[in-house]
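Colleague:
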Amino acid sequence: MDGPRPGLKEGPRGYLADMLLTPLLTFAGSVLFALLLVAIVHRATRKIGQRSALFEQLARRAHRPAQAVAVLVAVQFSLGVAFRTGQWRPVALHVVGLALIAAGAWLVATLLTVAEDATLSRIRVDVTDNRHARKVHTQITLVRRVTVVVVGLLAAAAMLMTFPAARAAGTSLLASAGVIGAIAALAAQSLLGNVFAGVQIAFSDAVRLDDVLVVEKQWGRVEDITLTYVVVHLWDDRRLVLPTSYFLKTPFAER
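So for the sequence shown, the numbering used here puts the first residue at 113; every next one is plus one.
#1: Is the separation between the beta-carbon of LEU184 and that of VAL207 shorter than 8 angstroms?
#2: Please classify ALA365: does DSSP put it in a helix, a strand, or coil?
#3: Would you say ALA309 and LEU360 are within 8 angstroms of each other, going by their C-beta atoms?
#4: ALA369: which of LEU219, ALA214 and SER190 sits nearest, CA to CA?
#5: Kindly identify the DSSP beta-bridge partner or partners of PRO355.
#6: Within the continuous beta strand (DSSP E) that includes LEU149, where are the two ends?
#7: Please decide whether TRP347 counts as near chain B, where near means a Cβ-Cβ distance under 8 angstroms.
#8: Return the first residue and the last residue of the beta strand (DSSP E) that LEU325 is part of.
#9: Tell me whether the beta-carbon of THR356 lies closer than 8 angstroms to the beta-carbon of TYR341.
#10: Find out if the Cβ-Cβ distance for the pair ALA270, LEU219 is shorter than 8 angstroms.
#11: Tell me the DSSP secondary structure of TRP347 in three-state form.
#12: What are the uninterrupted segments assigned as alpha helix (DSSP H) that are 4 or more residues long and contained completely in the stretch 245-271, given in chain order?
#13: Out of curiosity, what's the CA-to-CA distance linking VAL258 and ARG172?
#14: Using a Cβ-Cβ cut-off of 6 angstroms (strictly less than) and excluding sequence neighbours within five positions of ALA180, which residues of its own chain qualify?
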């Protein structure tokens, strides 16, 4: 009479142990390994950060998104290897995949923001002749906002494309892209005009942060420049918010 197969314990309890305990151990081990790996990298980055402001910012701001990405990769790996059956498995893999895309976008946006902040920290605007510094500061500030928006849009598109219905809809949309593009362009004409105006203002050196302007018969200092509007801090401590397209269509004086 054949003995029990190696690797399987005898009886119902042994069967349950093989069916549940091994996958759970694989799951827990994968997550712990991911956290340990991130902790090692984080500690090394903090140590380097004692001599480098860039690495100090990376250690402080990229730790959480890196943890999220590592844990989700470990969860996806364990679901694919340890849990091979079950009607819940495809749904769980899809949910984890969506979370991984979001966490990856979070990490990429954080890394880009840290790099841009490190560049900004090297630009001194507290000197007498700071015209060029304010120009670069304005450009980097707008580029940072553009990169965050682009990363978010790409992540949202990637998440939508994981749904079969969205992929089918995307194919249909491509077939009628001309009509939809024309409708979208008309609907978003004002918004897109302001966005393009913001980019043009930043890279044409027309308006910079801390510029003193006379707009709408009032003078003030440029406090903030976004892709769609400019905030002018007026002399009486009020704030005038103007669309970026205003500075391309309306004359203004710089003091």
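Yeah, the Cβ is synthetic: ideal placement off N, Cα and C, and Gly gets one too.
Modeller: Put simply:
#1: Taking the first residue of the sequence shown as 1, we reach residue 184 at position 72. Taking the first residue of the sequence shown as 1, we reach residue 207 at position 95. No.
#2: On the sequence shown, position 253 is the one that residue 365 refers to. Three-state DSSP puts ALA365 in a strand.
#3: In the sequence shown, the residue the question calls residue 309 occupies position 197. In the sequence shown, the residue the question calls residue 360 occupies position 248. Yes; because the gap between Cβ atoms is below 8 angstroms, this pair is in contact.
#4: Because the chain is modelled from 113 through 367, residue 369 falls outside the range shown and cannot be assessed.
#5: Counted from its first residue, the sequence shown places residue 355 at position 243. Per DSSP, TYR341.
#6: Stepping through the sequence shown from its first residue, residue 149 is reached at position 37. Not the beta strand (DSSP E): LEU149 falls in the alpha helix (DSSP H), residues 134-161.
#7: Of the chains in the structure shown, none is chain B; there is only one protein chain.
#8: Stepping through the sequence shown from its first residue, residue 325 is reached at position 213. 324-327 is the extent of the beta strand (DSSP E) around LEU325.
#9: Taking the first residue of the sequence shown as 1, we reach residue 356 at position 244. Taking the first residue of the sequence shown as 1, we reach residue 341 at position 229. Yes, they are a contact pair.
#10: The count along the sequence shown starts at 1 and reaches residue 270 at position 158. The count along the sequence shown starts at 1 and reaches residue 219 at position 107. No, the Cβ-Cβ distance between ALA270 and LEU219 is not below 8 angstroms.
#11: Counting from one through the sequence shown, the residue named residue 347 turns up at place 235. Three-state DSSP puts TRP347 in coil, outside helix and strand.
#12: With a minimum length of 4 residues, no continuous alpha helix (DSSP H) run stays inside the stretch 245-271.
#13: For the purposes of this step, residue 258 is identified with residue 146 of the sequence shown, where counting begins at 1. For the purposes of this step, residue 172 is identified with residue 60 of the sequence shown, where counting begins at 1. Roughly 23 angstroms between the two C-alpha positions.
#14: For this step, residue 180 is matched to residue 68 along the sequence shown. Hits under 6 angstroms: ALA215.
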